[in-house]
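*Asks:* Dumping the structure here so I can ask a few things about it.
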Amino acid sequence: MATKLQINRIMIMAFLVNAIYSMIWPVSTLYMHDAFGLSLPLIGVVLMCYSLANAAGSVISGYLFDRMSHQRILMSGFYLLLTVSFIGMFGDGLIAFILFLVPFGFITGWCLTVQYALVSDLQVPNLENDSRKNFNLLYLAVNLGLVAGSGSLGLLYRHNEVKTLMATVTVIALIVTLIGLGTGQHNVVENVSRVSVQEPNSQVGTVLKRDLIIRIFITLFLFWVVYVQWMTNFSVYFTSLGYSAGFYSHVWVINGIGITLIQVFLLRFAHFFKTSIVQSRFGIFFLVLSFGCLIASTNKICLLVAAVFLTIGEALFVPAAPVVVDQNSPVKVKGRNQGLVNVFSSTGKAVGPGIGGVVIVNSGYQMLFLMAILLLLVSEILLLNFKRK
Numbered sequence: 001m002a003t004k005l006q007i008n009r010i011m012i013m014a015f016l017v018n019a020i021y022s023m024i025w026p027v028s029t030l031y032m033h034d035a036f037g038l039s040l041p042l043i044g045v046v047l048m049c050y051s052l053a054n055a056a057g058s059v060i061s062g063y064l065f066d067r068m069s070h071q072r073i074l075m076s077g078f079y080l081l082l083t084v085s086f087i088g089m090f091g092d093g094l095i096a097f098i099l100f101l102v103p104f105g106f107i108t109g110w111c112l113t114v115q116y117a118l119v120s121d122l123q124v125p126n127l128e129n130d131s132r133k134n135f136n137l138l139y140l141a142v143n144l145g146l147v148a149g150s151g152s153l154g155l156l157y158r159h160n161e162v163k164t165l166m167a168t169v170t171v172i173a174l175i176v177t178l179i180g181l182g183t184g185q186h187n188v189v190e191n192v193s194r195v196s197v198q199e200p201n202s203q204v205g206t207v208l209k210r211d212l213i214i215r216i217f218i219t220l221f222l223f224w225v226v227y228v229q230w231m232t233n234f235s236v237y238f239t240s241l242g243y244s245a246g247f248y249s250h251v252w253v254i255n256g257i258g259i260t261l262i263q264v265f266l267l268r269f270a271h272f273f274k275t276s277i278v279q280s281r282f283g284i285f286f287l288v289l290s291f292g293c294l295i296a297s298t299n300k301i302c303l304l305v306a307a308v309f310l311t312i313g314e315a316l317f318v319p320a321a322p323v324v325v326d327q328n329s330p331v332k333v334k335g336r337n338q339g340l341v342n343v344f345s346s347t348g349k350a351v352g353p354g355i356g357g358v359v360i361v362n363s364g365y366q367m368l369f370l371m372a373i374l375l376l377l378v379s380e381i382l383l384l385n386f387k388r389k
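Everything in the sequence shown is counted per our numbering, starting at 1 for the first residue and increasing by one.
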């Protein structure tokens, strides 16, 4: 019962934090461009700083998670989130928004890593099904938060004005801070339990696990370099084909609903995939199918099918990757490794739009689709070639 209460509470906090994230991130480019006339290249620099700060927050919080009170690390992130959100309400102008956005990136990286590390800490070593179930529950909560946050932007962001949006973010940050305080020191697994677990002393096994973790990190980077094209450059691609921005938004409606349904399915049928590595492979495979559809046709139905394949791929790969890392990490560095999961993901998201833009300008969208398939096949090979001895 204690574990159930813990995962439920972590899910609620993850839902709220990611609702906050999805309220700020989608409007950042629009706000800086329309309200202040900042050029797209300069906006790209700002967003790069955001992503780097996000990665830094992940590394630092993961490192501290393995060495300090988990309650203290958890609440430090929430206090920072509340403080930055409150200050952001009173900021006015482009510089003020940038000074809010970059620390906000650091804090969201911090909070996301702590969420995954806490779920990792709930696991009993080598219990594959419990681990996958809890990470799937967390990813479900994260996705619902993203859908709820982005879905509220029509009401909260109007006429290039963010005051109402920032006030709402501050209120939610206050709520999640109070929920975090309610966990209490006794409800968060502490470091004593982490060092009490006896780990196998096999040098071969340790090398193999380290090798697999490195492969997963590389595939995470490549996956997000490819996936982020849908989030950025494809908005221009869809409109260049004559489709409206509303049609492009339907992709993300499909994405949010589809991810939720798939996670519910995986929770109901926990043994559908034999291992998390197999689930990861299938996720990458469906992304290959997605870009294959884009090469095949520009028909609206084909584009929607590509969006469905994209959703299936994301719903399978993204929650499975941290499970593989968790199950192959020594207890004393689980927090650090979960931080690195977000670092490689953030780095892929940071460089992906720029890489895609360069390919599009020089060779066109078809070459981008082929490049994406090539990178995904490299990822597939990295996982297929892994042999547990």
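We treat Cβ as the ideally placed atom computed from N, Cα and C, and that holds for glycine.
Can you tell me whether Phe-282 is helix, strand or coil according to DSSP?
*Replies:* Here residue 282 corresponds to residue number 282 of the sequence shown, with the count starting at 1. Phe-282 falls in the helix class under three-state DSSP.
*Asks:* Which residues mark the beginning and the end of the alpha helix (DSSP H) in which Tyr-79 is found?
*Replies:* Within the sequence shown, residue 79 is the residue found at index 79, counting from 1. Element bounds for Tyr-79: 70 to 90.
*Asks:* To the nearest whole angstrom, what separates the beta carbons of Asp-121 and Lys-300, a pair I think is in contact under 8 Å?
*Replies:* Taking the sequence shown and counting its residues from 1, one reaches residue 121 at position 121. Taking the sequence shown and counting its residues from 1, one reaches residue 300 at position 300. Wrong, their Cβ atoms sit about 46 Å apart, outside the cutoff.
*Asks:* Can you give the Cα-Cα distance for Ile-24 and Ile-43, rounded to whole angstroms?
*Replies:* Taking the first residue of the sequence shown as 1, we reach residue 24 at position 24. Taking the first residue of the sequence shown as 1, we reach residue 43 at position 43. The alpha-carbon atoms of Ile-24 and Ile-43 are separated by roughly 14 Å.
*Asks:* Quick check on this structure: which residue in Asn-342, Ile-172, Val-253, Ile-277 has the alpha carbon closest to the alpha carbon of Leu-310?
*Replies:* Numbered from 1 along the sequence shown, position 310 holds the residue referred to as residue 310. The shortest Cα separation from Leu-310 among Asn-342, Ile-172, Val-253, Ile-277 belongs to Val-253.
*Asks:* Among the residues of its own chain, which have a CB less than 7 Å from the CB of Ser-131, if the five just before and after it don't count?
*Replies:* By 1-based counting over the sequence shown, the position of residue 131 is 131. Within the same chain, Ser-131 has close Cβ partners Gln-123, Val-323, Asp-326, Gln-327.
*Asks:* Relative to the C-alpha of Val-162, which candidate in Phe-104, Val-27, Leu-374 has its C-alpha closest?
*Replies:* What you label residue 162 is simply residue 162 of the sequence shown in a count that begins at 1. Among Phe-104, Val-27, Leu-374, the Cα nearest to that of Val-162 belongs to Val-27.
*Asks:* Note down the Cα distance separating Gln-6 from Ser-76, rounded to an integer number of angstroms.
*Replies:* Residue 6 sits at position 6 when you count from the first residue of the sequence shown. Residue 76 sits at position 76 when you count from the first residue of the sequence shown. So the alpha carbons of these two residues sit roughly 19 Å apart.
*Asks:* So, using beta-carbon positions, are Asn-136 and Gln-338 closer together than 8 Å?
*Replies:* Looking up residue 136 in the sequence shown gives position 136. Looking up residue 338 in the sequence shown gives position 338. No. Outside cutoff.
*Asks:* Do the stretch 30 to 38 and the stretch 154 to 170 make contact, defined as three or more Cβ pairs closer than 8 Å?
*Replies:* At 8 Å Cβ cutoff, the stretches touch.
*Asks:* Tell me the residue span of the alpha helix (DSSP H) that contains Gly-348.
*Replies:* One-based indexing of the sequence shown puts residue 348 at position 348. Gly-348 -> alpha helix (DSSP H) spans 334 to 363.
*Asks:* Quick check on the burial criterion: 16 or more other C-beta atoms within 10 angstroms. Buried or exposed for Ala-19?
*Replies:* Residue numbering aside, residue 19 sits at position 19 when the sequence shown is read from its first letter. Looking at its Cβ environment, which holds 16 or more other Cβ atoms inside 10 Å, Ala-19 is buried.
*Asks:* Does Lys-209 pass the burial test, meaning 16 or more other C-beta atoms within 10 Å, or should it be called exposed?
*Replies:* Walking along the sequence shown from the start, residue 209 turns up at place 209. Looking at its Cβ environment, which holds 16 or more other Cβ atoms inside 10 Å, Lys-209 is buried.
*Asks:* How do the stretch 216 to 230 and the stretch 339 to 348 stand: do at least 3 beta-carbon pairs fall below 8 Å, yes or no?
*Replies:* Touching, yes.
*Asks:* Determine the direct distance from the alpha carbon of Phe-106 to that of Gly-62, and round the result to whole angstroms.
*Replies:* For the purposes of this step, residue 62 is taken as the residue at position 62 of the sequence shown. For the purposes of this step, residue 106 is taken as the residue at position 106 of the sequence shown. Answer to the nearest angstrom: the Cα atoms are 13 Å apart.
*Asks:* Helix or strand or just coil, what does DSSP make of Arg-210?
*Replies:* Taking the sequence shown and counting its residues from 1, one reaches residue 210 at position 210. The answer is helix: DSSP assigns Arg-210 an H, G or I state.
*Asks:* Classify Arg-268 as helix, strand or coil using the three-state DSSP reduction.
*Replies:* On the sequence shown, residue 268 is found 268 positions in, with the first residue counted as 1. Arg-268: helix per DSSP, three-state reduction.
*Asks:* To the nearest angstrom, report how far apart Gly-352 and Arg-215 are at their CA atoms.
*Replies:* Within the sequence shown, residue 352 is the residue found at index 352, counting from 1. Within the sequence shown, residue 215 is the residue found at index 215, counting from 1. The straight-line gap from Cα to Cα measures roughly 19 Å.
*Asks:* Is any beta-carbon of chain D found at less than 8 Å from that of Ser-235?
*Replies:* The chain inventory of the structure shown lacks chain D, comprising one protein chain alone.
*Asks:* Compare the Cα-Cα distances from His-250 to each of Val-308, Gly-283, Asn-233 and report the closest residue.
*Replies:* Start at 1 with the first residue of the sequence shown, and residue 250 comes out as number 250. Measuring from the Cα of His-250, the nearest candidate turns out to be Val-308.
*Asks:* Could you give the residue range of the alpha helix (DSSP H) that holds Lys-300?
*Replies:* The residue you call residue 300 lines up with position 300 of the sequence shown. From DSSP, the alpha helix (DSSP H) with Lys-300 extends over 300 to 327.
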